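Asker: Under my numbering, the residue at position 147 of the sequence shown is numbered 150, and the numbers go up by one with no gaps.
For every residue, glycine included, the Cβ atom is placed at its ideal position computed from N, Cα and C.
Predicted, not measured: the structure shown is a model, and the values here were computed from it.
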Amino acid sequence: MKKFVLFLFVLMTLVSCQKQQKEQKEQKEPGYIVQVALGHWKPTQYTPEQIIGRLDTVTQLIPVEKVVIGWSLDMDLYRKVGEYLHSKGIRMMLWLPLFAETEQVCDNSPAVDLWGRTPANYDQAAANAFRFNCPSDSSNLANVLAIYDRMFSKIGFDGVFLDRVRTQSFVCGVGGVLSCGCPLCVKRFAAEGVDIEKVKSEYESKGDAFFSVSGYNPADGFIFENPLAASFFKAKSRIVSSSVVAIVDSLHSRNLEVGLDLYAPFMAPFVGQDYAILAKHADFIKPMLYRQTNAPAGMGYEYELLRKTLPGATGYPEIKMDVDFLNSQLDAMEPYSCGKYPGIEINYHEEYAPTTPEYVSESLTAVKNHGFDGAVLSWNIMEVPLSHLEALKQ
4 MKKFVLFLFV
14 LMTLVSCQKQ
24 QKEQKEQKEP
34 GYIVQVALGH
44 WKPTQYTPEQ
54 IIGRLDTVTQ
64 LIPVEKVVIG
74 WSLDMDLYRK
84 VGEYLHSKGI
94 RMMLWLPLFA
104 ETEQVCDNSP
114 AVDLWGRTPA
124 NYDQAAANAF
134 RFNCPSDSSN
144 LANVLAIYDR
154 MFSKIGFDGV
164 FLDRVRTQSF
174 VCGVGGVLSC
184 GCPLCVKRFA
194 AEGVDIEKVK
204 SEYESKGDAF
214 FSVSGYNPAD
224 GFIFENPLAA
234 SFFKAKSRIV
244 SSSVVAIVDS
254 LHSRNLEVGL
264 DLYAPFMAPF
274 VGQDYAILAK
284 HADFIKPMLY
294 RQTNAPAGMG
304 YEYELLRKTL
314 PGATGYPEIK
324 MDVDFLNSQL
334 DAMEPYSCGK
344 YPGIEINYHE
354 EYAPTTPEYV
364 SESLTAVKNH
374 GFDGAVLSWN
384 IMEVPLSHLE
394 ALKQ
């Protein structure tokens, strides 16, 4: 009898182990989204063969689910790359800007600050300087859809990845975030219970202290001391995000998957991004968790600009852009039910993105440990050193 019980125990243990191993195998491996930057409406420097060659190298290292590519007007390039991707079972998504960088192909009304002024670009002389457009003007929204329908709808894209789904940041100074103040937006603020004249008066009276905060935590973000500042940024996020949602829903009606390029959670409210609203409509979100980027959207870059722009504001702590802070931003993504693909920069530039293979490995390990759908390899796979690609094999 004892031998039978022992045999039964061993048998049940083996069955349990086999079941556990099967479940582990069935768990979805993290997938990757790769970005290919072709240039902004201008002829690209890459040939289809160069792009396909690089993508072929990457797909041998990691499971690539989607490729985000854009936004030059070389339709033949898209067709050739798309043919390759679809032969591999990989989805091709058009990289398309929403509230900026469309002036070369359509006429849009600009976003203005609360005093009616167009915020200056962070560098008017730079080749990549750009203007933001009003998020409330229905013509601006219709123009983006028209761009897709007129130029890209027959190429065979599986989806659209929307960039510039925000207002300006502190890159454009205080006027960048105290926006948009055009008559259309002022009416929308009023509908949200915010009187823009009172906001202007309060800021003019308090100065930098208007932005002071009493604390920060990943779940709630920065806690504004001034109730009017808190109401303004909450309303701004609803206004901007609801306009983004209108575009997302329209693209869904065209049977397209839609992804969104977002600022890191701790900075998102300043540029009008409400994760809760956006995640309910997007198929996936890509927070730009760039710790080594010394340029717009870089987490440390944007945060230090905030502190430099608002020297009189209190409550903003020193933040070290280490893996612990990366984990705090990944934690902040947890509540949202759409696909979650954090954006990790793996391209290299000596000044603007001094990444290393060790940094790439550290960032991807943090993402994997959170059990998300995968990661977006940002922001141009064509500029990634081979040593960085080798780090993807972990």
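Bridge partners for Asn372 per DSSP, in chain order?
Answerer: Partner(s): none; Asn372 has no beta bridge.
Asker: Let's see if you can read the secondary structure: which residues bound the beta strand (DSSP E) around Val70?
Answerer: That run of the beta strand (DSSP E) goes 67 to 73.
Asker: Taking Gly92 as the reference, give the member of Leu58, Tyr339, Val108, Trp74 with the closest Cα.
Answerer: Answer by Cα proximity: Leu58.
Asker: Quick one: residues in its chain with C-beta nearer than 7 Å to the C-beta of Ala285, no 5 flanking neighbours on either side, listed in chain order?
Answerer: Taken in chain order, the residues that qualify are Val251, Val261, Gly262, Leu263, Cys341.
Asker: With respect to the beta strand (DSSP E) encompassing Val197, which residues constitute its N-terminal and C-terminal limits?
Answerer: Where Val197 is concerned, there is no enclosing beta strand (DSSP E), given that its DSSP letter is neither H nor E.
Asker: Kindly indicate which residue of Leu64, Val147, Gly56, Phe164 has the alpha-carbon position closest to the one of Met95.
Answerer: The option with the nearest alpha carbon to Met95 is Phe164.
Asker: If contacts are defined as beta-carbon pairs under 8 Å, then Arg310 and Tyr319 qualify, I think. What distance do you get, rounded to the angstrom?
Answerer: Contact flag correct, Cβ pair sits at about 6 Å.
Asker: Give the DSSP-derived three-state secondary structure of Gly56 in the structure shown.
Answerer: Helix.
Asker: Whole alpha helix (DSSP H) runs in the segment 239 to 265 with 4 or more residues, listed along the chain?
Answerer: Taking only runs of at least 4 residues, no alpha helix (DSSP H) segment lies wholly in the segment 239 to 265.
Asker: With which residues is Pro113 paired in a DSSP beta bridge?
Answerer: Answer by DSSP bridge pairing, in chain order: Asn136.
Asker: Distance, Cα to Cα, Leu97 vs Ser208?
Answerer: Between Leu97 and Ser208, the C-alpha separation is close to 45 Å.
Asker: Between the C-alpha atoms of His89 and Val37, what's the straight-line distance to the nearest angstrom?
Answerer: Cα-Cα distance, rounded: 15 Å.
Asker: Exposed or buried, which one is Arg153 when buried takes at least 16 other CB atoms within 10 Å?
Answerer: Exposed, by the Cβ-count rule.
Asker: Starting from the N-terminal side, write out each stretch of the alpha helix (DSSP H) that is 4 residues or longer and does not extend beyond the segment 180 to 237.
Answerer: Here the runs fully enclosed are 186 to 194, 199 to 209.
Asker: Enumerate in chain order the residues of its own chain whose CB-to-CB distance from Pro272 is below 7 Å, with the five nearest sequence positions on each side excluded.
Answerer: Counting only Cβ-Cβ distances below 7 Å, and skipping sequence neighbours, we find Gly224, Phe236, Ser240.
Asker: Would you mind giving the Cβ-Cβ distance between Glu386 and Asn350, rounded to the nearest angstrom? I have them listed as a contact below 8 Å.
Answerer: Between Asn350 and Glu386 the Cβ distance is about 4 Å, and since that is below 8 Å, they are a contact.
Asker: Using the Cβ count rule (16 or more neighbours within 10 Å means buried), how would you classify Gly377?
Answerer: Gly377 should be labelled buried.
Asker: Hey, Ser139 and Leu101 are a contact pair by Cβ (cut 8 Å); roughly how many whole angstroms apart?
Answerer: Between Leu101 and Ser139 the Cβ distance is about 13 Å, and since that is not below 8 Å, they are no contact.
Asker: Identify the continuous alpha helix (DSSP H) that holds Gly92 and give its terminal residues.
Answerer: Here Gly92 belongs to no alpha helix (DSSP H), and DSSP marks it neither H nor E.
Asker: By Cβ distance, which residues of its chain are closer than 6 Å to Gln332, with the 5 residues on each side in sequence left out?
Answerer: Here the set comprises Ala267, Pro268, Leu292.
Asker: Using the C-alpha atoms, what's the distance from Ala300 back to Pro51?
Answerer: Taking the straight line joining both Cα atoms gives about 28 Å.
Asker: How many whole angstroms separate the CB atoms of Val274 and Thr105, which I take to be in contact at a CB cut-off of 8 Å?
Answerer: In fact, because the Cβ distance is near 18 Å, the residues do not count as touching under 8 Å.
Asker: Just list the residues that DSSP pairs Asp293 with in beta bridges.
Answerer: A quick correction: the sequence has Tyr, not Asp, at residue 293. Partner(s): Gly301.
Asker: Determine the direct distance from the alpha carbon of Thr368 to that of Gln27, and round the result to whole angstroms.
Answerer: In this prediction, Gln27 has a pLDDT of 40, which is less than 50 and means its spatial position is unreliable; what the coordinates show is noted afterwards. Straight-line Cα distance between these residues: approximately 18 Å.
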